[in-house]
Every structure is written in C-alpha cells, then in structure tokens.
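Contents: one structure, followed by commentary.
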Amino acid sequence: MLKLEHVSKTYGNKNEKAVDDISFDVYPGEIFGFVGPNGAGKTTTIKMIVSLLAPNSGKITINGIDNQHDILGAKKQFSYVPDNPELFEKIKGIEYLKFMADVYQVAATERQERIEQYLDIFEIKDAVNDPIGSFSHGMKQKLALVGALIHDPQVFILDEPMVGLDPKASFELKKIMRNHCDRGRSVFFSTHVLDVAEKICDRIAIIKKGRIIEVGTMAEIREKAGSQESLENIFLELTE
Amino acid sequence: MKEIISLTKLFINESLGFSLFFYNQKFNKKEFYKQLFTLIIVPVALIPAFFMYVSLMSATYFGLTMINQTSVFLSIGYIMATVLIIVFGVMYILSEFYFSDNIEELIPLPINQRKLIVAKFLSILVFEYIFTAFIFLPILIIYGVGQGMGLLYVLLSFLVFLTIPVLPLSLITALIMLMMQSASLKGRKDMLQIVFVFIGIAIIFGVQIWFTSQLGSGDEADFQLLMNTMLTNNESFLNIIGYIIPTSFLMAWTLNKITLMSFAWVGALLGITLLSGALMVAIGERVYIKSIVSGQITKKSKKLSGAERSKALGKKSHGAMAVFTMDLRLLLRTPVYFFNNVSIVIIAPLCIWISFAFIEIPPEDLQGMQEFFRGMPILINFLLIAFFVFFGGTSATTATTFSREGKASWLTRMIPVTARDQIVGRTGVAMLIQSLGIFFTIIAIQFIFPLTLSTLLLTVVLGILGSLPILLFGLFMDMNRPLLNWDNPQKAIKNNMNVVITLFVGMAYTGLLIGFSGLLGYFVNSLLGYGVFLLISIGISVVFYRVISNRLETEFLNFE
Ligand SMILES: Nc1ncnc2c1ncn2[C@@H]1O[C@H](COP(=O)(O)OP(=O)(O)OP(=O)(O)O)[C@@H](O)[C@H]1O
Ligand SMILES: [Mg+2]
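Protein chains in written order, with my numbering: chain B, 1 to 240; chain V, 1001 to 1560.
Okay, structure coming up:
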C-alpha cells in the first residue's frame, strides 16, 4: 500500500542526512506506527511521502503509484494531516470542507454524509460556520481531520495526531483508524505516545538519526530485543 | 536601557527576517544568494527615482529664489515629510503593535510594559529615520548650500532632523492605541486597518484636489503661478497645514535664518517632541497591553442548521473553481491583500473621475477633442488598452498568489489539483479584479467621453488578453520563489520581490508592445496593429502557460 525504498534526504547543504536510506512497507489493512526521538526524521519522511519535499534519492510508491513519476495520481491515494495544521485563517470551517470535497471530487451525497458524521464525532458542528482563525488548536486539528476523511483515502497519513486532541477525540480517532483499516485501507502515523503505538499499531518502525533501527510487529521487536519489556523500555534502550 | 535595545533589535530583526538570512548563509546557499540579490537590487532600482526627486527639489528651490520666497522651501519639505511619515507610518504601527505575533509571546515574560512599548516604537522609528533621510536630507542640503550656511546650520539641522519622525509617529501611535481599545472596535481589527489606510489616502487626495483647484481652470501647470497663488492667498496651503502641523513654524524659525533665537526654537522643538513621545508611552501603558489581551476576538457567525450545512457544502464543483474561490476569498478578506491588489481598481478610476471633475474643460475644447478622437481612433484605442493592461499588470495579484497563503500553502501543494486548474483559478482571480477596474474606468470615462460599443469591445478584449502574459509571468515568478515564511500577511506582499519584478517587467513589456503595435497600426494599417498585439499576447501567454503547467508540480516540492 505504501512502500519506501532507500529514501534519503539532506536539507540545504547541511552535512548530516535528515533521512538516511530508509526502506519499509505498509501493507493493506494495517495501522503502521512511526516512532523516534525528536529530530529523528519522522516529519521529513512523511513530507516526502505526501509530496511536500523531494527526496534526494530513493523511491516511494503509494497504492502502486510512484510519487515522483505521477505526482498527481499519487496525491489522490492519500490524505494527510500535519502535526500543526496551519489553515487559512480567514476561511470558514465549512468553506474549507467544501474546498476539500471539491478538490478530491467527492459527490454531493457522500460529502454530506461523511461530513455530518465526522463533525458529530469530533463535536465541532457548532463552530463550523466560524472563520478558522477563531478556532482553538485542537479544533483546527479536528477540522483538518474531517477534511482529510472526506474522500475516504486509501492511505491515511498523520503526523503526531494525538498531540493536542482531547481524550474523547483521540479515542474516536483511534476508532476511526481501526475502522479504516478494517475496510482494507491503511493508516500511517508518527507518534511520541508509545502506549498508543503499542496498543493500536499492527507494526511499528523505530527511527533514530534518520535511520530505521527496528521494524516489525510488537512481538517481533520484543523478540529481537530479547525481553518482554514495554515498548517504552525497548525504545529507551534502542535510542540511547 | 540594555533591555530596550535588545528588544528593539529583536523587533527589527523579526521584521527584516535577518536570522533566516544568516541561517541560509550557512546552510542554504541558493536561498541566501536569492535574498542577497533582493537586498542589493531594491536600493539600486530606487536610485533613479531618488535622483529625479533631488532634481525636482533643486528646481523647486530655484523657482522659489526667482520669486524671492526661499523661506517656504524648508516648510514645504517638512510638511511633505510629515504627511508621508503619517501615511506610511500607519501601516508600520498597526503591523508592529497589533498584527505581529511576537507580542503574545512577550506579554507573559517579566518585561516592563513601558520597555516593550518603547522598543516597538523605536523599531519603527529606525525605518522612519531612514525614510526621512531620503526625503528631508536633500532638502536640508539644497537649502544650506543655496543660502551658503555654515557649521551652526549643520548642527541645528541635525537636531531638527532628529525630531522629524518622532512627533507625527507618536501622535499617530497614541491615536491608534486609543481607537483600538475602544470597546466597539474589538473583534474588528481587520476593518479598522482598512479604514485607517483609506483615511490616509483620502488625505493625499484632499491635498491633490486642493492643488488642482488652486491651479485654476486646467491651464498649463505654471509653477510660478502656483507658487504665487499659494503665497498671496491668505488661507494658503502652507498656512492651513502650518496650523495643523504647528511645529513646521518652529522648524522654519530655527533654520531659515540662524540667529541666537534659533537655539531657543530648536529647544522648544526638542521639548515638544519629547513630550509627544512621553504622551504616547503614557497612553500606551494605560491601554495597549490591555487591548491586546482583551481584543483577540474574532466575530463569530451564527450556527448552521443541517440543511444550511448541506447547502453550503453544495455539489461537486470543478477544481479550477475551487482554487478560484479560495484565492478570491483570501484576497478579499485579508485587509493588506485587499488594499494592495483590489483597492487600486477603485482608486484609479476615481482619480480619473476626480481629475475630470475638477479640471473644467470648455465645451468647445471638449468637442475638439472628441473630433480629434474620431479622426484618430487608433491612438485613443491603444491608450485605453494600455490603461486596461495596467490594471492587470500592476496589481501583481498573481505574483503573490502562493506567497499569500504562507504557512498554509502545504494544503495547496498536498491536494491533487492539476496544474491547469491552479493556473486557471489563480489567473482568473486576477482577471476578475482587472475586469472590475476596467468596468469602473469605463464608467468614469463615459461621463466626459462617450465611447462607441465597438471601441469598448475592442479595447476591453485586447486589454484583457494583453495583460495575460504579465499575469502568467507573475505566476511564474511566484512559482519559482514564493515567500511563505511570514508571520504577518503584510510581509507576503511588502517584502516580496516578485511584486517589484513583475511590476517593472510588466510595465516595460506593456510599453514596448503598445509602442510597437501602435506604431504599426498608425503608420501601416490599424488592423495590422491590433493583429500583431493580439498575436504576440497570445503567443507569449501560451509559452508561459506551457512552462508553468510543466513545472508547477515539481516546483511545489521545492517550496520549503
Ligand atoms: N526545514 C528544515 N531545514 C533544515 N533542516 C531541517 C528542516 N526541517 C527539519 N530539519 C532537520 O532534519 C532533522 C529531522 O527533522 P524532523 O522534523 O523530520 O524530525 P522529527 O522526527 O519529526 O522530530 P519531532 O519528533 O521533533 O517532530 C532534524 O535534524 C532537523 O534539524
Ligand atoms: Mg515532527
């Protein structure tokens, strides 16, 4: 569903690689967690997947489409919510949602159904006629989530989705992620919250200084580490 | 004191973006050279304008010597500088005090309010001193040299120079602070900014209209005549403004003739200036932070019912339409964007209308002009076309279309919208605004100069098509070097080289094209003239369209 092969990225003319020869696969029906310390290269990797940054080398395929050859085709396969979604402040929530539905060419009935459903789940129905500038941080994040779910993407990509959401919303989001995968689609997200990663991810990749140091199911990672410890302890050991 | 200085440095640094500049010097050479180029090219581009200004002022001085009225020279300069400082200052003050994000980060820190206000004020003042130096120093030097002044003049004029921007700026700052805190204006920051700027423009207009009407009935603008009217008229311009800006008298008394009294006058000037500064700080301490803390309210709209929501969501519409709507909304709803890109289409036709309204053309002259036009339609047609192209080219709407989105531009780059839809949507917005300008202009002209339908059709079509290459050139520039890293929408336009480049290139191009096809039309065949104009416009547009649609998706990857 999502495949990275030997992807590398260096910013400007810095010497250090922000992302260094990364490869992994996200399979259909799978929630894939991406964990690592601050500055490890998670956001950089995600930006390359969603065509906000060009890799220096390597290949990324999304649902079978190479995102360097068919950028537009690849873009139709996913939706993306950044860690800190900056949205147009002067635009009303509902106008933003209509825009998203239009650019992904979602039919009238579907867009209405989905938006009503997700607005209810995230409890921002009443705010949706206000300019986004008046939204709180969490409300913006919820709006971006609703906008990203409008076209029911093949791959749902999220950068730090749990930060800033209230407990109810992050509970609902986890349900949505699960449900998404149960329908044969995939979720790929980065997180610092190891408990969440441990509980809901089918597989996990651990990244450190731009390199993947571990990838697999929780059981596989435990086995390699040779312990029955929590992900937190393994993480702390591995990223020492 | 140290704190104030470091805060001032911080604010200046923020508004110029120096830290990013030095970061790029180390880590991103390509960006660095782009910025360096900007830093060099802007002053260089302004040199000719500055020379024109200096020679105009020298001419004014000699004109005044001939009628023995050199004593008003400094006053003219002083008043001019003050008015300009006020007009530009309003924008600076609003954006530094009210529209910059840093204040919210600074309020919680244990920094004395007074220091914060003084530092913000100083950071504006630094720019205004540079500005004043360009406007007023030439005047001081011309007068000093002309009158053969000595060292004392230099000393005194330096002191006077120091006072010039402080007084108007502190008063305006105090005024803005008072207006901003008045409860009824809370939650309407945006509207207020527009209102202020339009007041500034109204002042300039008023002054100009006054000049025009003083000139009498549209005879040649004889400089001496103007001066004589101004000086003999009891309620002359200088006196009127002099009463509004009383310090201009103090300045004139200080510098026109150096006597012992000069020191007293300059002392008074310094005193008043310090007082005005103190007044501003005192008012600021009362109201500024308070209004920042309580004024962060955006007006909320009413809640929508389910039916209203589904109506707002509507049916599937085209990608180009979605881009168009979004771009237009941002343009109309952000005051700075509106002011820079849209207001010109209202102001320019208004200018035409006002100047026609004030210059009374005798009926027989008007008839003569209309006959002349009938005899030589091609001249007037190309003149109109040039004016219509001007609306498209000079507002540089497409040259900031990506820049205006700032940090939210990730959305534009992430969504699957074809390059064609992006180009059509964004160029469409610029064309819509241009069409408004054309529409208003036609209305303004229609009063004096009824145009036939065929003339209208021809000039409008050619005017719009003729500006298409410039619109696409602007889009091309912004695609290649968008300015996204701003915290204040003003920077997306004011610090954006794309605007300047598109403006210069657009004007040069328009001049050349109109000149060339106009000459062809006049000397060879009018149809050939229009035809060549049309072909060149379409040809260049097609080339730019191709280039942009091939490159856009790849360029999106390089935006950050
Ligand atoms: N725009 C940029 N310019 C230069 N270097 C950058 C840029 N963005 C990120 N980096 C560098 O790339 C490396 C990886 O950053 P990245 O943002 O991908 O980390 P991250 O894993 O998302 O961290 P966090 O958990 O803090 O979000 C860091 O060393 C960072 O300094
Ligand atoms: Mg990150």
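In this text, a Cβ means the ideal position worked out from N, Cα and C, and glycines have one as well.
Contact set between Lys1407(V) and chain A, taken where Cβ atoms lie within less than 7 Å | Among the protein chains of the structure shown, namely B and V, there is no chain A.
Cβ neighbours of Leu1084(V) in the same chain (closer than 7 Å, five flanking residues each side left out) = If you number the second sequence from 1, residue 1084(V) lands on position 84. Hits under 7 Å: Ile1135.
For Lys3(B), the first and last residue of its enclosing beta strand (DSSP E) = Counted from its first residue, the first sequence places residue 3(B) at position 3. Run containing Lys3(B): Leu2 to Lys9, per the beta strand (DSSP E) assignment.
So is the beta-carbon of Thr1173(V) under 7 Å away from any non-hydrogen atom of ligand 2?
-> Counted from its first residue, the second sequence places residue 1173(V) at position 173. It does not: the Cβ of Thr1173(V) is nowhere closer than 7 Å to a heavy atom of ligand 2.
State the Cα-Cα distance for the pair Ile1067(V) and Gly1146(V), rounded to the nearest angstrom.
-> Here the question's residue 1067(V) lines up with position 67 in the second sequence. Here the question's residue 1146(V) lines up with position 146 in the second sequence. Cα to Cα, Ile1067(V) sits roughly 15 Å from Gly1146(V).
What in chain V is Cβ-close to Val128(B), meaning under 8 Å?
-> In the first sequence, counting from the first residue as 1, residue 128(B) sits at position 128. Under the 8 Å cutoff, chain V gives Leu1304 and Arg1309.
Tell me, please, whether the CB atom of Phe1249(V) is closer than 8 Å to any CB atom in chain B?
-> Start at 1 with the first residue of the second sequence, and residue 1249(V) comes out as number 249. In terms of beta-carbon proximity, Phe1249(V) stays away from the interface with chain B, with every pair separated by 8 Å or more.
Buried or exposed: which applies to Leu1457(V), given that a residue is buried once 16 or more other Cβ atoms fall within 10 Å of its Cβ?
-> The residue you call residue 1457(V) lines up with position 457 of the second sequence. Counting Cβ neighbours within 10 Å, Leu1457(V) comes out exposed, since fewer than 16 surround it.
Applying a beta-carbon distance threshold of less than 7 Å, which residues of chain V neighbour Thr12(B)?
-> Taking the first sequence and counting its residues from 1, one reaches residue 12(B) at position 12. Residue 12(B) is actually Gly in this sequence, not Thr. Going along chain V in sequence order, the residues near Gly12(B) (Cβ under 7 Å) are Phe1027 and Asn1028.
C-beta neighbour in chain V for Pro153(B), strict 8 Å = For this step, residue 153(B) is matched to residue 153 along the first sequence. Taking Cβ atoms only, chain V never reaches closer than 8 Å to Pro153(B), which makes this a no.
Near ligand 1: Lys42(B) beta-carbon under 7 Å from a heavy atom = Within the first sequence, numbered from 1, the residue matching residue 42(B) stands at position 42. Result yes, Cβ under 7 Å from ligand 1.
Under the three-state DSSP convention, the category Leu1215(V) falls into = Position 215 of the second sequence holds residue 1215(V). Summary for Leu1215(V): the model assigns pLDDT 49, below 50, so the residue's position carries little reliability; its value from the coordinates is reported in the next sentence. Three-state DSSP puts Leu1215(V) in coil, outside helix and strand.
List the residues of chain B whose Cβ lies closer than 8 Å to the Cβ of Ser1317(V), in chain order.
-> Here the question's residue 1317(V) lines up with position 317 in the second sequence. By Cβ distance, chain B contributes Asp102.
Label Ile1107(V) either buried or exposed according to how many other C-beta atoms from any shown protein chain fall within 10 Å of its C-beta, with 16 as the threshold for buried.
-> Along the second sequence, one-based indexing puts residue 1107(V) at 107. The residue is exposed, with fewer than 16 neighbouring Cβ atoms inside 10 Å.
Answer with yes or no whether the minimum CB distance from Glu976(V) to chain B is below 8 Å.
-> A question about residue 976(V) goes unanswered here, because the residues of chain V that appear run from 1001 up to 1560.
Euclidean distance between Cα positions of Arg1413(V) and Glu229(B) | Translated into the one-based positions of the second sequence, residue 1413(V) becomes position 413. Translated into the one-based positions of the first sequence, residue 229(B) becomes position 229. One C-alpha to the other measures close to 42 Å.
Output the boundary residues of the alpha helix (DSSP H) element that contains Tyr96(B).
-> Taking the first residue of the first sequence as 1, we reach residue 96(B) at position 96. Looking at the DSSP string, the run of the alpha helix (DSSP H) that includes Tyr96(B) is Gly93 to Val103.
Could you check the C-alpha separation between Ser1123(V) and Glu198(B) for me, to the nearest Å?
-> To locate residue 1123(V), count along the second sequence from 1; it is residue 123. To locate residue 198(B), count along the first sequence from 1; it is residue 198. Take the alpha-carbon of Ser1123(V) and the one of Glu198(B): they are about 51 Å apart.
What did DSSP end up calling Glu1235(V) once you bin it into helix, strand or coil?
-> Taking the first residue of the second sequence as position 1, residue 1235(V) is located at position 235. A caution first: Glu1235(V) carries a pLDDT of 46, below 50, which makes its placement in the model unreliable, though a value can still be read off. Assignment of Glu1235(V) by DSSP, reduced to helix, strand and coil, places it in the coil class.
Span of the beta strand (DSSP E), counted from its first residue to its last, around Glu214(B) = Locating residue 214(B) in the first sequence gives position 214, where the first residue counts as 1. For Glu214(B), the uninterrupted beta strand (DSSP E) run begins and ends at Arg211 to Gly216, by DSSP.
Spell out whether any CB of chain B is found under 8 Å from the CB atom of Glu1555(V).
-> Within the second sequence, numbered from 1, the residue matching residue 1555(V) stands at position 555. At a cut-off of 8 Å, the C-beta of Glu1555(V) has no neighbouring C-beta in chain B.
For Leu158(B), name the three-state secondary structure that DSSP assigns.
-> Residue numbering aside, residue 158(B) sits at position 158 when the first sequence is read from its first letter. Note: Leu158(B) maps to strand in three-state DSSP.
Alpha carbon to alpha carbon, how far is Lys1034(V) from Leu1010(V)? Give it in angstroms, no decimals.
-> Counting from one through the second sequence, the residue named residue 1010(V) turns up at place 10. Counting from one through the second sequence, the residue named residue 1034(V) turns up at place 34. Here the alpha carbon of Leu1010(V) sits roughly 23 Å from the alpha carbon of Lys1034(V).
Residues bridged to Lys1491(V) by DSSP?
-> Indexing the second sequence from 1 puts residue 1491(V) at position 491. Beta-bridge pairing links Lys1491(V) to no other residue.
Report buried or exposed for Asn1024(V), applying the criterion of at least 16 other Cβ atoms within 10 angstroms of its Cβ.
-> Here residue 1024(V) is taken as the residue at index 24 of the second sequence, counted from 1. Asn1024(V) sits buried, since 16 or more C-beta atoms from the chains shown fall within 10 Å of its C-beta.
Is Ala1051(V) helix, strand or coil by DSSP?
-> On the second sequence, position 51 is the one that residue 1051(V) refers to. According to the sequence displayed, residue 1051(V) carries Phe and not Ala. Helix.
Could you please give me the residues that DSSP links to Phe1099(V) through a beta bridge?
-> Counting from 1 along the second sequence, the entry for residue 1099(V) is found at position 99. Looking at the DSSP assignment, Phe1099(V) forms no beta bridge with any residue, so it has no partner.
Can you grab the Cα-Cα spacing for the pair Ile1378(V) / Val1500(V), in whole Å?
-> Taking the second sequence and counting its residues from 1, the one referred to as residue 1378(V) is at position 378. Taking the second sequence and counting its residues from 1, the one referred to as residue 1500(V) is at position 500. The alpha-carbon atoms of Ile1378(V) and Val1500(V) are separated by roughly 31 Å.
Quick one: residues in its chain with C-beta nearer than 7 Å to the C-beta of Phe24(B), no 5 flanking neighbours on either side, listed in chain order?
-> For the purposes of this step, residue 24(B) is taken as the residue at position 24 of the first sequence. The beta carbon of Phe24(B) sits closer than 7 Å to the beta carbons of Leu4, Ala205, Ile212 and Val215 from its chain, once the five residues preceding and following it are set aside; these are given in chain order.
In chain B, what lies closer than 8 Å to Ile1415(V) by C-beta?
-> Position 415 of the second sequence, counted from the start, is the residue given in the question as residue 1415(V). Residues of chain B passing the Cβ test: Lys75, Met100, Val103 and Tyr104.
Contact check, Leu1313(V) vs Gln112(B) under 8 Å by CB: the rounded distance?
-> Here residue 1313(V) refers to the residue found at position 313 of the second sequence. Here residue 112(B) refers to the residue found at position 112 of the first sequence. Their Cβ separation, rounded to whole angstroms, is 6 Å, which keeps Leu1313(V) and Gln112(B) in contact under 8 Å.
Whole-angstrom distance between Gln1181(V) and Ser1291(V), CA atom to CA atom | Position 291 of the second sequence, counting from 1, holds the residue named residue 1291(V). Position 181 of the second sequence, counting from 1, holds the residue named residue 1181(V). Going from the Cα of Ser1291(V) to the Cα of Gln1181(V) covers about 5 Å.
Using a C-beta to C-beta distance shorter than 7 Å, which residues of chain V count as neighbours of Arg111(B)?
-> Taking the first sequence and counting its residues from 1, one reaches residue 111(B) at position 111. Those are Leu1313, listed as they occur along chain V.
Counting along the chain, where does the alpha helix (DSSP H) carrying Arg1404(V) start and finish?
-> As a position in the second sequence, residue 1404(V) is number 404, starting the count at 1. No alpha helix (DSSP H) holds Arg1404(V); DSSP gives it neither H nor E.
Beta carbon proximity, Lys3(B) to chain V, threshold 8 Å | Walking along the first sequence from the start, residue 3(B) turns up at place 3. With 8 Å as the cut-off, Lys3(B) does not count as an interface residue toward chain V.
For ligand 2, any of its heavy atoms closer than 7 Å to the Cβ of Glu1560(V)?
-> Counting from one through the second sequence, the residue named residue 1560(V) turns up at place 560. No; taking the cut-off as 7 Å, the Cβ of Glu1560(V) has no heavy atom of ligand 2 nearer than that.
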